[in-house]
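The sequence shown lines up with residues -13 to 71 when you count with the numbering used here.
Following: one structure in structure tokens, then a few remarks.
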Amino acid sequence: MPLERADLSAALGLPWQTRHPTVIEGIERIAAAAAAGIAFCAIPREGADYRKWLDQKVSLVVLGTDRGVIRKGLAAHLEKYAGPR
-13 MPLERADLSA ALGLPWQTRH PTVIEGIERI AAAAAAGIAF CAIPREGADY
37 RKWLDQKVSL VVLGTDRGVI RKGLAAHLEK YAGPR
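Printed below as a string of structure tokens:
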């Protein structure tokens, strides 16, 4: 089951407060379960988080959503044509 800080923060009543101590503690508890052999999928939102999840032995890392990858790619493509405004 993929779960990451945005999902967990909303479930804890702290929407988008992904660096809130309660959210971080919850993610650490989930990572501990992963270390105990319970499958866990991480969705890092920042580059530094990717290495952290690998170090915590997650079962699967999702590196983006279809919408996110398409949005970033389209934004980069459009930037080539934007010019001065």
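Where is the CB? At the ideal position from N, CA and C, for every residue including glycine.
Predicted model, so just to flag it, every value in this text is computed and none were measured.
Keeping to the same chain, check which residues put their C-beta closer than 6 Å to that of residue i; ignore five residues upstream and five downstream.
i, result
"Pro30", "Tyr36, Trp39"
"Val44", "Ala20, Phe26, Ala28"
"Asp(-7)", "none"
What whole-angstrom Cβ distance do residue i and residue j have, given they're in contact under 8 Å?
i, j, result
"Ala20", "Gln42", "6 Å"
By how many angstroms is the C-alpha of residue j removed from the C-alpha of residue i?
i, j, result
"Leu(-2)", "Val47", "22 Å"
"Glu14", "Leu64", "39 Å"
"Ala34", "Ala22", "23 Å"
"Lys58", "Thr4", "21 Å"
"Tyr67", "Glu11", "44 Å"
"Thr51", "Glu32", "13 Å"
According to DSSP, which residues form a beta bridge with residue i?
i, result
"Leu46", "Cys27"
Note down, in chain order, each residue of its chain lying with its Cβ closer than 8 Å to the Cβ of residue i, except the 5 sequence neighbours on either side.
i, result
"Trp2", "Ala(-8), Ser(-5), Ala(-4)"
"Val9", "Arg(-9), Leu(-6), Ser(-5), Leu(-2), Leu0, Gln3"
"Pro7", "none"
What are the complete alpha helix (DSSP H) segments, minimum 4 residues, inside the region -1 to 44?
-> 7 to 21, 33 to 41
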